[in-house]
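Novice: Below is one structure. I have some questions about it.
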Amino acid sequence: MRLPIVSPDELSDEQKPLYEDMKKGMRDHFKGFVNLRADGALLGPWNPWLREPKFGKPVWELVKAMVAAPSLPAAVREVAILVTGAHFRSAYELYAHVLVAEQRGLTDEKLSTIVAGQRPVDLTKQEAVAYDVASALVNGGVLPELTYRAAVEQFGTHGTAELSYLVGVYCMVSVTLNTFDVPVPD
């Protein structure tokens with residue numbers, strides 16, 4: 031861990047409202063994994079974002095927009111997030127979203143295959159499209175036309191855009207976690 035965890039009693043006036051907003055958002059949308067220390071300090075990507083409110087606040091606003099009434103099915107979202115986390119080998123992201131994906135009904139076989147950077151053979155049609163979109167995007171270049179059309183067929187243009195933005199947000203989350211070597215909680 032390259033950044034000390036900010037204790038709630040050490041927060042600056044600029045950090046306090048961001049801390050409260052993050053804590054509420056975490057309680058409402060990020061359940062099933064450790065993201066708070068016993069004293070209320072934020073773990074995961076929230077600590078780095080909190081330390082730099084100038085950048086952390088807009089990133090947090092984007093994250094909140096992505097979790098507010100998503101149109102994509104939960105399992106589809108988790109497949110895309112895990113493909114992204116696996117690409118970046120982001121330990122905390124994989125830790126958190128494997129637990130969330132289990133709650134969303136993804137099997138251990140699917141999860142272990144995705145985390146290993148491979149495409150499971152037993153994905154649903156929508157999960158397969160999410161996998162293909164996320165994999166293509168994190169590997170760079172223009173999304174292939176056939177992959178784009180498959181996404182529009184499964185999710186519509188709005189859902190396809192949401193999927194693209196989701197992958198982008200989790201690229202940023204992964205890079206944040208990897209930059210500051212954020213560990214998996216004990």
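In this text, residue positions in the sequence shown follow my numbering: the first is 31, and each later residue adds one. Ideal Cβ placement from N, Cα and C applies to all residues, glycine included.
On the premise that S101 lies in contact with E192, defined as a C-beta separation below 8 Å, what is that separation, rounded to the nearest angstrom?
Specialist: Along the sequence shown, read from residue 1 onward, the residue named residue 192 stands at position 162. Along the sequence shown, read from residue 1 onward, the residue named residue 101 stands at position 71. About 6 Å; that satisfies the 8 Å criterion.
Novice: Apart from the five residues on each side of it in sequence, which residues of its chain come closer than 6 Å, Cβ to Cβ, to T190?
Specialist: What you label residue 190 is simply residue 160 of the sequence shown in a count that begins at 1. These residues qualify, in order along the chain: A181 and V182.
Novice: Which same chain residues end up closer than 7 Å to M96 when comparing Cβ atoms and leaving out the 5 residues on each side of it in sequence?
Specialist: Position 66 of the sequence shown, counting from 1, holds the residue named residue 96. If we look at M96 and ignore the five residues flanking it on each side, its Cβ neighbours are Y195, L196 and V199.
Novice: Hey, quick one: how far does the alpha helix (DSSP H) through Q156 stretch, first residue to last?
Specialist: Along the sequence shown, one-based indexing puts residue 156 at 126. Taken as a continuous stretch (DSSP letters only), the alpha helix (DSSP H) holding Q156 covers K155 to V168.
Novice: For the alpha helix (DSSP H) holding A146, just list the boundary residues, first then last.
Specialist: Taking the sequence shown and counting its residues from 1, the one referred to as residue 146 is at position 116. Counting along the chain, A146 falls outside any alpha helix (DSSP H), and DSSP gives it neither H nor E.
Novice: So does the segment 129-142 actually touch the segment 169-177, counting three or more Cβ pairs closer than 8 Å?
Specialist: The segment 129-142, when compared against the segment 169-177, does not touch it at the 8 Å Cβ threshold.
Novice: Taking all protein chains shown into account, decide if Q184 is buried (16 or more other Cβ within 10 angstroms of its Cβ) or exposed.
Specialist: On the sequence shown, position 154 is the one that residue 184 refers to. Result: buried.
Novice: If contacts are defined as beta-carbon pairs under 8 Å, then I35 and N77 qualify, I think. What distance do you get, rounded to the angstrom?
Specialist: What you label residue 35 is simply residue 5 of the sequence shown in a count that begins at 1. What you label residue 77 is simply residue 47 of the sequence shown in a count that begins at 1. Sure, about 5 Å apart at Cβ, within 8 Å.
Novice: Measuring alpha carbon to alpha carbon, tell me which residue in P215, T209 and V130 is nearest F118.
Specialist: Your numbering for residue 118 matches position 88 in the sequence shown. Comparing Cα positions, the closest option is T209.
Novice: In chain order, what residues of the same chain lie with their CB nearer than 6 Å to the CB of V214, ignoring the 5 residues before and after it?
Specialist: Residue mapping note: residue 214 aligns to position 184 of the sequence shown, counting from 1. Correct list, in chain order: A121, Y122 and Y125.
Novice: Taking the continuous alpha helix (DSSP H) assigned at D58, which residues delimit it?
Specialist: As a position in the sequence shown, residue 58 is number 28, starting the count at 1. Per DSSP, D58 belongs to the alpha helix (DSSP H) from Q45 to H59.
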